[in-house]
Each structure stands twice: as C-alpha cells, then as structure tokens.
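One structure is given here, and the rest of the page talks about it.
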Amino acid sequence: MSITVNGPVRTAPPRLAIGGALARFALIGVILAAVLGIYAYLGGWLTPHELTPSRFVDGFEQVAGVHPGFRRNHAKGLGASGFFDSNGNGVRLSKAAVFRPGRVPVIGRFSLGGGQPDAADAPNAVRGLGLQFSPADGELWRTAMINRPVFPVRTPEAFYEQLLASKPDPKTGKPDPAAMPAFLKRHPESVAANKVIEGEPVSSGFENSRFYGLNAFRFTNAAGETIPVRWLMRPELPFEAAAAPGDKNYLFDALITAMHREHALRWHLRVIIGQPGDPTNDATIPWPEEREQVDVGTLTLDRVESEETSAATDINFDPLVLPDGIAPSDDPLLSARSAVYSQSYTRRAGETKTPSAITPADVRKGE
Amino acid sequence: MSNQRTQFTVLMRVLHWTMAAMVLTMLGLGVAMVASLGDYHLLVSIHRPLGVAILVLVVVRFVVRRLSPLPPFPPTMSRLERLAAEASEYTLYGLMTALPLVGWGMLSAARYPIVLYGPLQLPFILPQNPMLYAVLRKTHTVLAYLLFLTFLAHFSAILFHTLIVRDGILKRMAPWNIRPREAAATDSAAVHKPDPIIAQ
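So the protein sequences, as listed, match chains G and P.
In terms of the working numbering, the first sequence has 339 at position 40, counting the first letter as 1, and numbering is strictly consecutive.
In terms of the working numbering, the second sequence has 159 at position 3, counting the first letter as 1, and numbering is strictly consecutive.
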C-alpha cells in the first residue's frame, strides 16, 4: 500500500508560534505521562494496598522474623531422596511421562509449617512433604503437600488475613487473642474446613502421615480427555495415634530413626478423580469419600539428609512446575502459591544461610 | 532513481513494529507479574516463550540490519543527535539480546523449567546455583528498567522530531510505503542542502 505525502518531506516547516510550540510540548508531556501511567498501573504502583507476592512474604517475615537463607514458610525441614515406581495405572488419566510404567528419581523435603527454622516440633504443627519427580524426558513435576485433608482458607487474601491474625504483638509476644476468632467470624468456610481437619486423626510422625496435594488439578491423557483430580500420598506404615510431644526435634528424629530402621519409607500416590459438581476452585471443601481413587505408583524414600547437604535445599517446590499432562485448575490459591513461593525463593537465594535445625550429625545418629 | 532511500526496507519495518509491540508487552507483563498473585502463573507462562521469541527475532533483526540499505538521517539532525540515535539503537539491540539471555540463565540457575509449549522446553544453560540466580534475577530487573528508559528516550526523540521539529522522521519507519516519486524528490532536496535544517 502506498499513500501520497503532501509536499516535500524534509524542507523546513513553517515556524511555530510560541503558543503552538507550548501546546505541542504539552502534548508530548501528556503522551509520556500516559505511557508511564499505564506501566505504573500494570506494576501495581497505583494500588499500594493490593496484596502482592512481596507483601505476602513481608507478612511471613512480620510473623516469624527474617531468617536469612531459609524458606519464609515451612522453614524447618529435612531433605530426602528416592524414587517413584509408576505402575502404569495413571496412563489412562494423564499423558505425563511420570505415569508411564517405570522408575523416576525423586528429591523430597519433609518440613514443619511456619517461618521459624528452629520451631519446636508439635503434634498439631502442619507437616509438609515437597517432592520433585524427574522423568527421563527432562520435564519436572513438583508438588508441595501437607498432612491436612483440606486447606483452611479458600483464597490468597484469606490466607494472608489468617497469617496476620497469628502475628505476635510486640508487647506481649503473643498474637492478639481476639484476632483469630474475628478472622473465623468473617470466614465460615475456614470454620468448616477446620472441622474437617480436626476430624482426621493425627498420626504419630512424618513416616506414617498422609500427605495431600490440597488443590485440584487437571489431568489430560493422550486422547485429549481432561478430568479434574486431587491427589494424596498414603503411607505404607500403619497409622499410630500422635503421642504427647517430645523434645524440640522429636518428629524429625523419629523420621530419621524410622528411615534407619526400615531402610526405606513408602507411600502410594493415589489420584482422586473428581466428578462434575466437585469444587475445583475451593480447597476448603473435601470431595465426597466415594470418589474413585487410582493407585498410580509407589514413592520410596530411602535416604534422609540434612538441609546442609541435601539437593532439596535449592529446590523451590512450586506446585505449578508441572509436566505436560498435568495443568492447574481454577483454584485461586495455585497461582498465588506459585508467586509467593517464587518470591520466598528469590529472597533466600541471595542470602547466606545459617545452619539448619536438623544437622548432618542428627541424621547420622542411629545409623 | 536516487541511490538514497527514504524508508527502511519493508522487512526492517515489519521487524521494528512487531518487536516494538512484543517488547512493550513484555515490559508490561514483567511489572504486572511480579505484583500479581491471581494472574501470576498465566503471565509467567506468556512471559517465558515471548522472551524466547524476542531473543530469536533480535538475532534475525541484527543480521537484517547489517545487510540492509538504510535511509539517511534527516538533515535536521545534528552530528550529536545522530550519534545519540545510533547509540540508543545499539543499546536497544544489546538490551533486547541480554534480557532474554539473563532470564534464561537465571531460570536455569534456579532450575525453573522454561516451558515453551506442551512438553517442549529449553535446556538449562547454567549450573544450579541459588546465589547466581539471585544476582541474575536482580540484573534482569535492572536491565528491564534500562530498556524501558531507553525506549522512553527513543520515543521522546521521535515525538520531539514529529511534533516540534516536524521533519517527518517517522516516515522512515512508517508501516506503509511512501510513494517512491515523492521520496526521490525529497531525497534530492535533502542531498542539495549540506547543512542540517534546524527548526526555528
């Protein structure tokens, strides 16, 4: 296409009157301000009270303090490694290579919820298990699970509210006693979720805990069929009820002892198939008990290792590092978890870490 | 026919406007995703393959730039302005190359998979090292702000020339073709005036 240009292109145009010149400079100013405004809006500078990953992680730091080099949540942990033996039952559900029959190396990390790297173990503290599966095709699958059948909050905003409700008062060193009841009053879904959580008996240790993937995901198989799923890891060791808490690291010490005694700890990865109507965007609501569960393989962890040497220390167990065949659901927590984990990782990556609570010597005990 | 062009070649103009749209989108995605919780994953999944596409295109563009005939600067530009224009052009090429490479490197150092589409992903180009990731992550931000500032300088200069100097500089990069006959007339007019014409 061509257009006609009126008059010569590069001859001096007529002189601008002062008024005209000023108006044109003002126009340039307006255009540049508009460009800056658009980017300021996109970057959130015009909405300083909106929750961002950075403010979220600031919240963890306000509650637990800053512990350089440590994860801002689930700070206390122990590395683990082993493998996943896929039995092939997952192939009809997802085309991800990890579900084809065969063995896939796994790096994992057991952890305690909260931002204190030297928190005292307690029966009701949240137990976490982060896993990275590395199938041979080069893709990675990471999942961060906890021993709770449902999540106590539905949205990232509610999570942040609940987090701040547990923030210790600088005067008393304890959280405001009115804050948590006030939070629960505003969030009946959290009250309901807590009832579900309290209804599940707590096991004696990490080694016989169930770990749940919490959020819903979507599996797509080779035929292109997509289904909603959740998953859990069911331990092979029999359930034993939690006893009174022991010393500061008693849960981790028991895990180390169990590993030395059993030589390997096993869990079965069970994929729960959602049906139409099962909520995929609300991690506070359990799916009906009778939903089909498919045992897709066995996780074997045959080694625990202090964070000082474990490969798990450098891994961000971002639940949205997913292979082709597994995709996020519409659960609003998922993207937020990815964003906040990433912010936490970025902060700790640039810091020099102090020693972890569970030391290499602790791991060697009873070997 | 005049041996001097009025416009960049069609290929250069297509590359310029395509990449302008991509880079401006990329800068917007960048600031939006670091401030976003709910849209973070979606924005990141666009940011990574778009960055790879920019890296590929900037290499193509640099080769095309070196092999293509260029229109002369308008005579309204002083020697200093021409130097500044060339310097900003190379700064933009440099930043458009460095930003995706630093991004690729930092994700490699943190072992974040760089998924392009489906099972297709880029290999890691650096060893796993959190401290290296932290340094590159900061570098990525600093370079992105530099790119934004260089874009603003480039954009301001074009606005100044278009609205104040009114030397038709934008026509060199116009997405449409300027009719050759008029272009030839213009070229000869420019050639016969040795001194730059500064707008009064």
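Where is the CB? At the ideal position from N, CA and C, for every residue including glycine.
Enumerate in chain order the residues of its own chain whose CB-to-CB distance from residue i is below 7 Å, with the five nearest sequence positions on each side excluded.
{"i": "S301 (chain G)", "result": "At S301 (chain G) the pLDDT is 41, less than 50, meaning the model places this residue with poor confidence and gives no usable figure here."}
{"i": "Y549 (chain G)", "result": "D420"}
{"i": "F516 (chain G)", "result": "V528, I625, A626, P627, S628"}
{"i": "V356 (chain G)", "result": "R371, V639, Q642, S643, R646"}
{"i": "N507 (chain G)", "result": "P534, L536, P537, F538, E539"}
{"i": "T612 (chain G)", "result": "G378, E606"}
Of all Cβ atoms in chain G, is any one closer than 8 Å to the Cβ of residue i?
{"i": "A290 (chain P)", "result": "yes"}
{"i": "S192 (chain P)", "result": "yes"}
{"i": "M287 (chain P)", "result": "yes"}
{"i": "G184 (chain P)", "result": "yes"}
{"i": "F316 (chain P)", "result": "yes"}
{"i": "R161 (chain P)", "result": "no"}
{"i": "L282 (chain P)", "result": "no"}
{"i": "R222 (chain P)", "result": "no"}
{"i": "S312 (chain P)", "result": "yes"}
{"i": "R387 (chain P)", "result": "Shown here, chain P extends from 157 to 356; a query on residue 387 (chain P) therefore has no answer."}
{"i": "R169 (chain P)", "result": "no"}
{"i": "L308 (chain P)", "result": "yes"}
Got a sec? Which residues, its chain only, sit under 6 Å from residue i by beta carbon, not counting five neighbours each side?
{"i": "A541 (chain G)", "result": "P422, V501, S503"}
{"i": "E535 (chain G)", "result": "R565"}
{"i": "T253 (chain P)", "result": "V214"}
{"i": "S609 (chain G)", "result": "G378"}
{"i": "E666 (chain G)", "result": "H559"}
Go through its chain and collect everything with a Cβ distance to residue i's Cβ below 8 Å, but skip five positions before and after it.
{"i": "H296 (chain P)", "result": "L255, V258, G259, M262"}
{"i": "Q415 (chain G)", "result": "A363, G364, H366, A374, K375"}
{"i": "R169 (chain P)", "result": "Q163, M329, A330, P331"}
{"i": "L392 (chain G)", "result": "F398, F518, N520, I526, V528, V570, I572, V593, V595"}
{"i": "R204 (chain P)", "result": "G259, L263, I270, V271, L272"}
{"i": "Q356 (chain P)", "result": "A caution first: Q356 (chain P) carries a pLDDT of 36, below 50, which makes its placement in the model unreliable, though a value can still be read off. Answer for Q356 (chain P): no residue qualifies."}
{"i": "M175 (chain P)", "result": "I210, L213, V214, R217, M252"}
For residue i, which residues in chain P fall below 7 Å Cβ to Cβ?
{"i": "S637 (chain G)", "result": "Y196, H197"}
In chain G, what lies closer than 8 Å to residue i by C-beta?
{"i": "F218 (chain P)", "result": "Here the premise fails: no neighbours, minimum Cβ distance about 26 Å."}
{"i": "R235 (chain P)", "result": "Ordered by position in chain G, no residue passes the 8 Å Cβ test against R235 (chain P), which lies about 17 Å from the chain."}
{"i": "R204 (chain P)", "result": "What R204 (chain P) touches in chain G: nothing, since even the nearest Cβ is about 12 Å away."}
{"i": "L251 (chain P)", "result": "Per Cβ cutoff of 8 Å: no residues; L251 (chain P) is ~16 Å from chain G at best."}
For a cutoff of 8 Å on Cβ pairs, would you count residue i as touching chain P?
{"i": "P312 (chain G)", "result": "yes"}
{"i": "D613 (chain G)", "result": "yes"}
{"i": "D436 (chain G)", "result": "yes"}
{"i": "R517 (chain G)", "result": "no"}
{"i": "Y644 (chain G)", "result": "yes"}
{"i": "I330 (chain G)", "result": "yes"}
{"i": "P697 (chain G)", "result": "For chain G, the structure presents residues 300 to 666; residue 697 (chain G) sits outside this window and is missing."}
{"i": "L633 (chain G)", "result": "yes"}
{"i": "P476 (chain G)", "result": "no"}
{"i": "G649 (chain G)", "result": "yes"}
{"i": "P451 (chain G)", "result": "no"}
{"i": "P500 (chain G)", "result": "no"}
{"i": "P400 (chain G)", "result": "no"}
{"i": "L439 (chain G)", "result": "yes"}
{"i": "P587 (chain G)", "result": "no"}
Anything in chain P within Cβ reach of residue i, meaning under 9 Å, just list it in chain order.
{"i": "T351 (chain G)", "result": "V190, A191, S192, L193"}
Quick one: which chain G residues come within Cβ less than 7 Å of residue i?
{"i": "V187 (chain P)", "result": "Y338, L341, G342"}
{"i": "G274 (chain P)", "result": "D623"}
{"i": "R322 (chain P)", "result": "P312"}
Can you list the residues of chain P that residue i reaches, using a CB-CB cut of under 8 Å?
{"i": "V620 (chain G)", "result": "Y268, P269"}
{"i": "Y549 (chain G)", "result": "Those do not exist, as Y549 (chain G) stays about 30 Å from chain P at its closest Cβ, beyond 8 Å."}
{"i": "I317 (chain G)", "result": "Within chain P, no residue comes near I317 (chain G); the closest Cβ sits about 12 Å away, beyond 8 Å."}
{"i": "P448 (chain G)", "result": "Ordered by position in chain P, no residue passes the 8 Å Cβ test against P448 (chain G), which lies about 24 Å from the chain."}
{"i": "I327 (chain G)", "result": "S312, L315, F316, L319, I320"}
{"i": "R323 (chain G)", "result": "L319, I320"}
{"i": "A320 (chain G)", "result": "I320"}
{"i": "P455 (chain G)", "result": "L193, G194"}
Going along chain G, which residues have a C-beta under 9 Å from residue i?
{"i": "L278 (chain P)", "result": "Per Cβ cutoff of 9 Å: no residues; L278 (chain P) is ~10 Å from chain G at best."}
Name the chain C residues whose beta carbon is nearer than 7 Å to that of residue i?
{"i": "L305 (chain P)", "result": "This model lacks chain C altogether; the protein chains it does include are G and P."}
Runs of beta strand (DSSP E) lying entirely within the stretch 227-298 of chain P, each at least 3 residues, in chain order: 270-273, 276-278
May I have a chain-ordered list of the beta strand (DSSP E) segments no shorter than 3 residues that lie completely inside the stretch 528-614 of chain G? 564-572, 592-604
Whether or not the stretch 309-321 of chain P and the stretch 648-666 of chain G are in contact is what I'm after, with contact meaning three or more pairs of Cβ atoms, one per stretch, closer than 8 Å; do they touch? no
With three or more beta-carbon pairs closer than 8 Å as the criterion, would you say the stretch 549-567 of chain G touches the stretch 616-627 of chain G? no
Are three or more beta carbon pairs between the stretch 591-607 of chain G and the stretch 566-573 of chain G nearer than 8 Å? yes
Three Cβ pairs or more, each shorter than 8 Å: is that satisfied between the stretch 427-435 of chain G and the stretch 384-397 of chain G? The stretch 427-435 of chain G is in contact with the stretch 384-397 of chain G.
Beta strand (DSSP E) runs wholly inside the stretch 332-389 of chain G, at least 3 long, in chain order: 375-385
Just to confirm the assignment: which complete alpha helix (DSSP H) runs, minimum length 4, are found wholly within the stretch 160-234 of chain P? 166-190, 196-223
Using 8 Å as the Cβ pair cut-off and three pairs as the minimum, do the stretch 480-492 of chain G and the stretch 448-456 of chain G touch? Verdict: yes, contact present.
Residue ranges of each alpha helix (DSSP H) within the stretch 609-648 of chain G, 4 or longer: Taking only runs of at least 4 residues, the alpha helix (DSSP H) segments lying wholly in the stretch 609-648 of chain G are 631-648.
For the pair the stretch 181-190 of chain P and the stretch 334-347 of chain G, tell me if three or more CB-CB distances fall below 8 Å. yes
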